Every structure is written in structure tokens, then in C-alpha cells.
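For our numbering, count along the sequence shown from 1 and bump the result up by 441. So the structure is just underneath, and the comments pick up after that.
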Amino acid sequence: MRNKGNKTEFLRQLTEAGIRPSIQRLEILEFVSSCESHPTAEEIYSFVHQNNPTLSRTTVFSTVKLLAEKGIINDITISSDSTRYDSTEHAPHAHFICRDCKKIYDIPFDMSLLTAPDEFLCDNVNVYFKGICPECSKKTDTDSFTNK
């Protein structure tokens with residue numbers, strides 16, 4: 442887990458974005474901000490629902506969509522089977538998805554290298570790489586060695 446953010450900061454973000462703060466929205470934002478796994482809306486629901494059993498799946502799904510639309514969290518659509526979410530509180534970075542284990546990693550990347558043409562107003566840039574992560578690469582190397 443990443444460091445948890447400050448609830449006061451989360452309240453400020455919601456308020457400045459014109460979103461009425463609620464306990465559920467704060468819990469969702471806190472979870473996404475502290476999570477390294479780039480959770481799906483379903484994973485966010487499963488985690489937050491443990492502490493708040495009256496919370497509906499619809500509330501979570503609509504909240505993450507709203508938070509992403511307002512730029513408070515980043516929606517990442519790397520694979521066609523799901524949208525994942527990431528905090529915007531961390532330094533801009535790229536993502537890497539492993540084709541084997543499907544884990545998503547944060548990759549340091551100088552996002553200032555990417556610019557849209559002047560006539561376009563760009564408010565979000567997502568860069569991702571696909572391949573084999575170091576852990577799966579080790580397994581593949583080990584498997585290749587033992588199969589010879």
C-alpha cells in the first residue's frame with residue numbers, strides 16, 4: 442500500500458472539484474490513493490464494502506466515474522477487459538502491464554516529453570507499456586532452463 446493521504450486534502454480535492462463530500466466518497470478516494478495495485482471498480486467495491494456493508498455497488502461505480510471525470514483519480518484502460526484506477530496525487534508516471542501475471546506497475550517516465558499540438562487542449566495523458574515483468578521473466582528463464 443502507498444502512504445495514505447490526508448483526509449483534509451481529500452476533502453479539499455472534492456470541494457474544489459464541486460463534488461459534495463461524503464463518507465463513502467472519502468473512503469473510495471482514500472483507498473485508491475493508498476493502493477498500488479491499480480484496482481478495478483469491483484475491487485474498490487469489495488474493499489470499501491467490508492467497512493461499510495450498506496454501500497452499494499452502484500454508488501462505488503458512479504463515484505469512481507465521477508472522480509475520474511473531475512480529474513481526482515486517473516482511469517486507466519490498458520486492457521479491454523477492465524478499467525483500473527490510480528491516484529493523481531503521485532508524480533506523473535507511465536504504466537506497465539505484464540502479459541503473464543496481468544499486474545500493473547508504475548514506471549517512472551518524464552511526461553513533459555509528450556505534448557499535444559497547440560490547438561488541442563489536453564488535460565490527461567496516459568502512457569503504458571505491455572510486456573513481461575521481471576518476476577515473470579525470471580519464471581520463464583527458469584522454465585526454459587529446466588525444460589532443456
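Cβ coordinates follow ideal geometry from the N, Cα and C atoms, glycine included. Just so you know, these numbers come straight off a predicted model, no measurement behind them.
**Report entry** Touch test, the stretch 538 to 546 against the stretch 487 to 504, Cβ-Cβ under 8 Å, three pairs minimum
**Finding:** Verdict: no, contact absent.
Requested in this report: Would you mind sorting aspartate 559 into buried or exposed? The rule is 16 or more other CB atoms within 10 Å of its CB.
Outcome: The count along the sequence shown starts at 1 and reaches residue 559 at position 118. With fewer than 16 other Cβ atoms within 10 Å, it is exposed.
**Report entry** Alpha-carbon spacing of threonine 481 relative to threonine 524, whole angstroms
**Finding:** Translated into positions along the sequence shown, residue 481 becomes position 40. Translated into positions along the sequence shown, residue 524 becomes position 83. CA-CA distance, threonine 481 to threonine 524, rounds to 6 Å.
Query raised in the report: How about isoleucine 513 and glutamine 465: are their beta carbons less than 8 Å apart?
Result: Numbered from its first residue, the sequence shown carries residue 513 at position 72. Numbered from its first residue, the sequence shown carries residue 465 at position 24. No, these two residues do not count as a Cβ contact at 8 Å.
Requested in this report: Please state whether DSSP places threonine 518 in a helix, a strand or coil.
Outcome: As a working note, residue 518 is residue 77 in the sequence shown. Strand.
Query - Euclidean distance between Cα positions of lysine 544 and aspartate 527 - result: For the purposes of this step, residue 544 is identified with residue 103 of the sequence shown, where counting begins at 1. For the purposes of this step, residue 527 is identified with residue 86 of the sequence shown, where counting begins at 1. Rounded to whole angstroms, the separation of the alpha carbons of aspartate 527 and lysine 544 is 13 Å.
Query raised in the report: Three-state secondary structure (DSSP) at alanine 535?
Result: For the purposes of this step, residue 535 is taken as the residue at position 94 of the sequence shown. In the structure shown, the three-state DSSP call for alanine 535 is strand.
Report task. Out of His479, Arg461, Val473, Thr518, state which residue places its alpha-carbon closest to the alpha-carbon of tyrosine 546. Result -> Here residue 546 corresponds to residue number 105 of the sequence shown, with the count starting at 1. For the residues His479, Arg461, Val473, Thr518, the minimum Cα distance to tyrosine 546 belongs to His479.
Query raised in the report: Is it buried or exposed for serine 474, if we count other Cβ within 10 angstroms and need 16 for buried?
Result: Here residue 474 corresponds to residue number 33 of the sequence shown, with the count starting at 1. So serine 474 counts as buried.
Report task. Would you tell me roughly how many angstroms separate the C-alpha atoms of lysine 448 and isoleucine 469, rounded to the nearest one? Result -> Residue numbering aside, residue 448 sits at position 7 when the sequence shown is read from its first letter. Residue numbering aside, residue 469 sits at position 28 when the sequence shown is read from its first letter. When the Cα atoms are used, lysine 448 and isoleucine 469 turn out to be separated by approximately 12 Å.
Report task. Count the other C-beta atoms from every protein chain shown that fall within 10 angstroms of the C-beta of asparagine 565, then say buried if there are 16 or more, exposed otherwise. Result -> In the sequence shown, counting from the first residue as 1, residue 565 sits at position 124. Counting every other CB atom within 10 Å of its CB across the protein chains shown gives asparagine 565 a total below 16, marking it as exposed.
Query - Span separating the alpha-carbon of glutamate 471 from that of threonine 581 - result: For the purposes of this step, residue 471 is taken as the residue at position 30 of the sequence shown. For the purposes of this step, residue 581 is taken as the residue at position 140 of the sequence shown. Between the C-alpha atoms of glutamate 471 and threonine 581 there is a straight-line separation of about 36 Å.
Query - Simplified DSSP assignment, three categories, for lysine 580 - result: Locating residue 580 in the sequence shown gives position 139, where the first residue counts as 1. The answer is helix: DSSP assigns lysine 580 an H, G or I state.
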